[in-house]
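**Q** The structure that follows is given in the form of structure tokens.
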Amino acid sequence: MTKREAQPLRTGLHFMNGNEACAEGAIAAGCRFVAGYPITPSTEVVEHLARRFPRIGGMFIQMEDEIASSICFQGAVWAGHKAMTVTSGPGLSLMMEHIGFAAMTETPSVFINVQRAGPSTGLPTAAAQGDIMQVRWGSHGDYAIIALCPSSPQECFDLTIEAFNLAERYRCPTFLMMDETVGHMMGKVRIPDAADLTVEPRRNTTRAPGDYQPYATYDGSDVPEMTRAGDGHAIHVTGLTHNEKGYPDMSFAVHDALVRRLQRKVHTHTSELFRLEADGLDDADVVVVAFGITAGIAAYAVTQARALGRRVGLLRLITLWPFDEARIRTLTANARAVIVAEMNLGQVCLQVSRAVQGRIPVHHIGNPGGPVIEPEEILAAIEGAAT
Amino acid sequence: MTHQRQNPIETWLRSDRMPHIWCPGCGIGTSLNCFVRAVERAAIPKDNLFVVSGIGCTGRVAGYIDVDSFHTTHGRAIPFATGLSLARPDAKVVVYSGDGDLAAIGGNHLMHAARRNVDMTVVCVNNLTYGMTGGQLTPTTPRTAVASTTPYGNYEHPFNLPQLADSCGANFVARWTVFHVRQLTRTLTKALRTKGLSFVEIISPCPTLYQRRNRLGDGTQTLEYYRDHSVVRHGANTAEVDIDFQGEITVGEFVTRERPSLRECYEARMREVLQDDFAPFGVRP
Chain A
0 MTKREAQPLR TGLHFMNGNE ACAEGAIAAG CRFVAGYPIT PSTEVVEHLA RRFPRIGGMF
60 IQMEDEIASS ICFQGAVWAG HKAMTVTSGP GLSLMMEHIG FAAMTETPSV FINVQRAGPS
120 TGLPTAAAQG DIMQVRWGSH GDYAIIALCP SSPQECFDLT IEAFNLAERY RCPTFLMMDE
180 TVGHMMGKVR IPDAADLTVE PRRNTTRAPG DYQPYATYDG SDVPEMTRAG DGHAIHVTGL
240 THNEKGYPDM SFAVHDALVR RLQRKVHTHT SELFRLEADG LDDADVVVVA FGITAGIAAY
300 AVTQARALGR RVGLLRLITL WPFDEARIRT LTANARAVIV AEMNLGQVCL QVSRAVQGRI
360 PVHHIGNPGG PVIEPEEILA AIEGAAT
Chain B
0 MTHQRQNPIE TWLRSDRMPH IWCPGCGIGT SLNCFVRAVE RAAIPKDNLF VVSGIGCTGR
60 VAGYIDVDSF HTTHGRAIPF ATGLSLARPD AKVVVYSGDG DLAAIGGNHL MHAARRNVDM
120 TVVCVNNLTY GMTGGQLTPT TPRTAVASTT PYGNYEHPFN LPQLADSCGA NFVARWTVFH
180 VRQLTRTLTK ALRTKGLSFV EIISPCPTLY QRRNRLGDGT QTLEYYRDHS VVRHGANTAE
240 VDIDFQGEIT VGEFVTRERP SLRECYEARM REVLQDDFAP FGVRP
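From first to last, the protein sequence lines are chains A and B.
Heads up, the first sequence is in numbering that gives the first Met the number 0, so the first residue is 0 and it goes up one at a time.
Heads up, the second sequence is in numbering that gives the first Met the number 0, so the first residue is 0 and it goes up one at a time.
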């Protein structure tokens with residue numbers, strides 16, 4: 000077989016789809032273990048890794064369901080590896096329990112979610128962007144997550160690496176919110192040299208056994224130092240409310256401090272985590288907000304509207320969570336209206352509405368998944384809002 | 000006359016977490032005592048033993064044993080342990096949980112782990128009920144036994160766990176009660192030395208709920224029942240080891256086989272197909 004397949008990093012120019020780019024991004028990020036269960040439209044990610052991993056010291060295991068997948072990979076994480084799971088809507092629904100477990104145990108966890116139209120089995124082969132609120136709020140209780148949303152195969156590669164980096168840095172569930180169209184979209188993907196990649200390594204504590212508490216925070220950070228099984232710390236990791244030692248502690252004060260820290264460790268970094276691309280906002284009367292597959296369509300509609308003399312700008316969201324409401328408020332301060340285009344019936348629209356606080360109207364253009372939004376629909380909304 | 004003041008297994012316990020939550024007469028502590036002695040006999044170094052539990056009374060074992068330990072979600076100890084075991088082939092991974100956790104909510108994972116023959120020891124403390132939540136029916140509660148959710152007596156057919164583990168392909172299957180501490184310790188030592196999946200069921204009293212609600216006496220009386228009604232049948236056909244209400248309990252080492260483990264199957268197949276291109280997973284990062 001070709002030597003190419005034995006290379007962990009396939010530096011060079013490629014023509015591949017978003018799902019394959021995501022798989023290559025995971026390899027580039029140092030991921031070597033994936034547990035998953037087949038589900039359309041995400042399956043190419045694990046199929047690709049099932050071929051690639053045995054040649055580069057990784058392993059894919061097809062588990063009996065998504066519940067098992069979403070905790071199996073966390074076992075490998077606590078053994079010191081970077082690991083992830085891959086799914087789509089119905090599988091994501093089954094994973095809620097272990098999103099909460101990853102949040103509570105502060106396990107660096109990456110969940111790839113290639114969105115399809117729901118609810119329930121819905122339209123298995125059709126795109127949607129309807130899981131935005133589910134990844135943020137789906138598991139019970141309060142916690143924080145990070146979610147990134149790629150718009151192209153190149154971004155599937157880049158943002159998978161970024162998702163691993165953020166999972167390591169913040170030790171929280173981190174999501175790559177692809178969709179069926181981006182996952183199956185073929186495009187140019189440039190894989191850089193290793194020297195040009197930013198990969199955050201696992202940083203295990205250097206403290207000696209006895210001087211280390213797995214859930215204590217040191218040096219002003221809200222993120223505890225990681226360790227792995229077998230390093231002599233005899234750690235205890237539990238989904239129960241726990242103290243700094245990791246031991247169950249049912250006192251309300253410990254619970255309050257722990258859960259607030261789980262949110263704070265991410266949300267105090269919202270402004271640096273919230274990535275977006277702003278185009279033509281300086282003189283914009285109307286701002287279009289879009290992300291994922293819808294962003295490219297919105298960009299086309301905005302270009303057409305500008306050719307018609309409309310003063311309209313585009314905000315392409317790259318980070319969906321944490322959501323920086325203040326930033327959206329600032330960026331829309333001079334606008335007269337906002338249009339949110341998304342393949343759901345109003346999820347990011349709710350966040351944008353909260354951000355603008357009723358100052359200007361927020362219009363929603365969308366569908367519950369199925370066909371991608373047509374540029375004409377967005378153009379018509381721009382015309383309506385601008386007049 | 001000298002007195003041994005220290006608990007002989009104390010170095011394996013998180014003493015700062017004592018007292019434990021288990022009731023007087025409960026058998027989980029006895030099972031843990033036997034387990035730790037087996038670990039010592041099997042000469043497993045402390046840093047090489049990882050214990051994974053689910054939820055419930057037995058699930059608390061992970062919190063009391065002083066090794067790297069993981070108290071996971073309800074029923075999911077086995078899939079977590081699967082990832083841990085594949086990633087650390089040099090370590091001994093033990094799943095230690097109860098009948099409700101492993102056979103009801105986690106039943107699917109038990110079947111598939113036995114089918115794959117994952118390198119792990121599964122210790123199932125079977126007290127025939129859900130202790131932590133107040134004594135409800137589990138898949139192992141014998142017929143006619145009263146539980147809080149079967150106030151008129153259980154009418155469902157229960158699981159025979161040794162048969163389940165055997166039929167799915169586990170390499171080692173055994174059952175003892177907490178009365179049989181010496182036999183249990185020997186069997187656990189064997190289980191820890193087994194490649195692939197070993198399954199040890201430990202029948203244990205829940206005097207607070209199961210025994211009380213069924214008017215079966217206290218912990219001591221239950222041990223007497225185990226003594227008088229257990230029959231040792233090594234190599235017994237696991238299809239014939241069902242437990243009826245207050246009936247005979249067949250105990251012993253039922254199954255010993257040498258089916259290759261998941262890791263062995265994976266590596267053998269990859270070497271066959273990929274030859275020198277195969278790079279195994281699980282070397283420490």
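From the three backbone atoms N, C-alpha and C, an ideal C-beta is built for every residue, glycine too.
In this text the structure is predicted, and so the values were computed from the model without any measurement.
Measure how close the beta-carbons of N242(A) and Y214(A) come, nearest whole angstrom, since I'm counting them as under 8 Å.
**A** The residue you call residue 242(A) lines up with position 243 of the first sequence. The residue you call residue 214(A) lines up with position 215 of the first sequence. Yes, they are in contact, since the Cβ atoms of N242(A) and Y214(A) sit about 7 Å apart, within 8 Å.
**Q** Just verifying my parser: in three-state terms, what is the DSSP assignment at P259(B)?
**A** Stepping through the second sequence from its first residue, residue 259(B) is reached at position 260. Three-state DSSP puts P259(B) in coil, outside helix and strand.
**Q** Could you pull out every residue in the same chain whose Cβ sits closer than 6 Å to the Cβ of H13(A), ignoring the five residues on either side in sequence?
**A** Within the first sequence, numbered from 1, the residue matching residue 13(A) stands at position 14. In its chain, beyond the 5 residues on either side, V188 have a beta carbon closer than 6 Å to the beta carbon of H13(A).
**Q** Identify the contact partners of D65(B) in chain A, using a Cβ-Cβ distance below 8 Å as the criterion.
**A** As a position in the second sequence, residue 65(B) is number 66, starting the count at 1. Those are A233, listed as they occur along chain A.
**Q** Looking at S52(B) and T72(B), is the spacing between their C-beta atoms short of 8 Å?
**A** Indexing the second sequence from 1 puts residue 72(B) at position 73. Indexing the second sequence from 1 puts residue 52(B) at position 53. Not a contact, by the Cβ cut-off of 8 Å.
**Q** Along chain B, in chain order, which residues have C-beta atoms closer than 7 Å to that of G90(A)?
**A** Numbered from 1 along the first sequence, position 91 holds the residue referred to as residue 90(A). Those do not exist, as G90(A) stays about 14 Å from chain B at its closest Cβ, beyond 7 Å.
**Q** Compute the distance between the beta-carbons of D64(A) and N126(B), then report whether it is under 8 Å.
**A** Looking up residue 64(A) in the first sequence gives position 65. Looking up residue 126(B) in the second sequence gives position 127. The beta carbons of D64(A) and N126(B) sit no closer together than 8 Å.
**Q** According to DSSP, is C33(B) part of a helix, a strand, or is it coil?
**A** The residue you call residue 33(B) lines up with position 34 of the second sequence. It is helical.
**Q** Compare the C-beta of F290(A) with all C-beta atoms of chain B and state if any pair is closer than 8 Å.
**A** Residue 290(A) sits at position 291 when you count from the first residue of the first sequence. With 8 Å as the cut-off, F290(A) does not count as an interface residue toward chain B.
**Q** Spatial neighbours of E239(B) within its chain, please: C-beta separation below 8 Å, excluding the five flanking residues on both sides.
**A** If you number the second sequence from 1, residue 239(B) lands on position 240. Contacts found: T249.
**Q** Cβ of A325(A) within 8 Å of Cβ of T293(A)?
**A** Here residue 325(A) refers to the residue found at position 326 of the first sequence. Here residue 293(A) refers to the residue found at position 294 of the first sequence. Contact flag unset, no.
**Q** In chain A, which residues lie less than 7 Å from L228(B) when you measure between Cβ atoms?
**A** If you number the second sequence from 1, residue 228(B) lands on position 229. Here residue 228(B) is His; the residue named in the question, Leu, does not match the sequence. The premise fails here: H228(B) is roughly 36 Å from chain A at the closest Cβ pair, so nothing lies under 7 Å.
**Q** Against chain A, which members of the stretch 262-280 of chain B pass a CB distance test of less than 8 Å?
**A** Y265, M269, L273, D276, F277, A278, P279 and F280
**Q** Based on the DSSP secondary-structure assignment, which residues constitute the bridge partners of Q61(A)?
**A** For the purposes of this step, residue 61(A) is taken as the residue at position 62 of the first sequence. Its beta-bridge partners are G35(A).
**Q** So what's S147(B) in DSSP terms, helix, strand or just coil?
**A** Counting from 1 along the second sequence, the entry for residue 147(B) is found at position 148. Coil, per DSSP.
**Q** Could you confirm whether any beta carbon from chain B is found closer than 8 Å to the beta carbon of M0(A)?
**A** Position 1 of the first sequence, counting from 1, holds the residue named residue 0(A). Only weak support is given to the placement of M0(A): the predicted model assigns it a pLDDT of 43, under 50, and the question is left unresolved by the model.
**Q** Looking only at DSSP bridge pairs, what is M177(A) linked to?
**A** Counting from one through the first sequence, the residue named residue 177(A) turns up at place 178. Note: M177(A) sits in a beta bridge opposite V113(A).
**Q** Applying a beta-carbon distance threshold of less than 8 Å, which residues of chain A neighbour P259(B)?
**A** Along the second sequence, one-based indexing puts residue 259(B) at 260. Near P259(B) there are no residues of chain A at all, since even the closest Cβ is about 16 Å away, more than 8 Å.
**Q** Interface residues of chain B around M176(A) at Cβ under 7 Å?
**A** Translated into positions along the first sequence, residue 176(A) becomes position 177. Near M176(A) there are no residues of chain B at all, since even the closest Cβ is about 24 Å away, more than 7 Å.
**Q** With a Cβ-Cβ cutoff of 8 Å, do T226(A) and I234(A) count as a contact?
**A** Stepping through the first sequence from its first residue, residue 226(A) is reached at position 227. Stepping through the first sequence from its first residue, residue 234(A) is reached at position 235. In this structure, I234(A) lies closer than 8 Å to T226(A) by Cβ.
**Q** Under 9 Å Cβ-Cβ, which residues of chain A neighbour A61(B)?
**A** As a first step, residue 61(B) must be located in the second sequence, where it is residue number 62. Under the 9 Å cutoff, chain A gives H235, V236 and T237.
**Q** Can you tell me where the beta strand (DSSP E) with H13(A) in it begins and where it stops?
**A** Within the first sequence, numbered from 1, the residue matching residue 13(A) stands at position 14. From DSSP, the beta strand (DSSP E) with H13(A) extends over G11 to N16.
**Q** Secondary structure at D130(A), three-state DSSP: helix, strand or coil?
**A** For the purposes of this step, residue 130(A) is identified with residue 131 of the first sequence, where counting begins at 1. Here D130(A) sits in coil by DSSP.
**Q** Strictly below 9 Å CB to CB, what residues from chain B border Y246(A)?
**A** By one-based count along the first sequence, residue 246(A) stands at place 247. Here the neighbours are R13, D15, R16 and G62.
**Q** So for P431(A), helix, strand or coil by DSSP?
**A** In the structure as shown, chain A starts at 0 and stops at 386, and residue 431(A) therefore has no counterpart that could be examined.
**Q** T342(A) touches chain B at which residues, Cβ-Cβ below 8 Å?
**A** Your numbering for residue 342(A) matches position 343 in the first sequence. Note that residue 342(A) is Met in the sequence shown, not Thr. Under the 8 Å cutoff, chain B gives no residues; its nearest Cβ is about 32 Å from M342(A).
**Q** How about E63(A): is its C-beta nearer than 8 Å to some C-beta of chain B?
**A** As a first step, residue 63(A) must be located in the first sequence, where it is residue number 64. It does; some Cβ of chain B falls within 8 Å.
**Q** Check this for me: beta carbons of G251(B) and A169(B), under 8 Å apart or not?
**A** In the second sequence, residue 251(B) corresponds to position 252, counting from 1. In the second sequence, residue 169(B) corresponds to position 170, counting from 1. Not a contact, by the Cβ cut-off of 8 Å.
**Q** Could you tell me the distance, in whole angstroms, from the CA atom of Y95(B) to the CA atom of P360(A)?
**A** Numbered from its first residue, the second sequence carries residue 95(B) at position 96. Numbered from its first residue, the first sequence carries residue 360(A) at position 361. If I take the Cα positions, the gap works out to 57 Å.
**Q** Does the beta-carbon distance from D192(A) to T42(A) come in below 8 Å?
**A** On the first sequence, position 193 is the one that residue 192(A) refers to. On the first sequence, position 43 is the one that residue 42(A) refers to. Going by beta carbons, D192(A) and T42(A) fall outside the 8 Å limit.
**Q** What in chain B is Cβ-close to W136(A), meaning under 7 Å?
**A** For the purposes of this step, residue 136(A) is identified with residue 137 of the first sequence, where counting begins at 1. Within chain B, no residue comes near W136(A); the closest Cβ sits about 19 Å away, beyond 7 Å.
**Q** What residues from chain B crowd round M58(A), counting only those whose CB sits closer than 7 Å?
**A** Counting from 1 along the first sequence, the entry for residue 58(A) is found at position 59. Correct list: L85 and F280.
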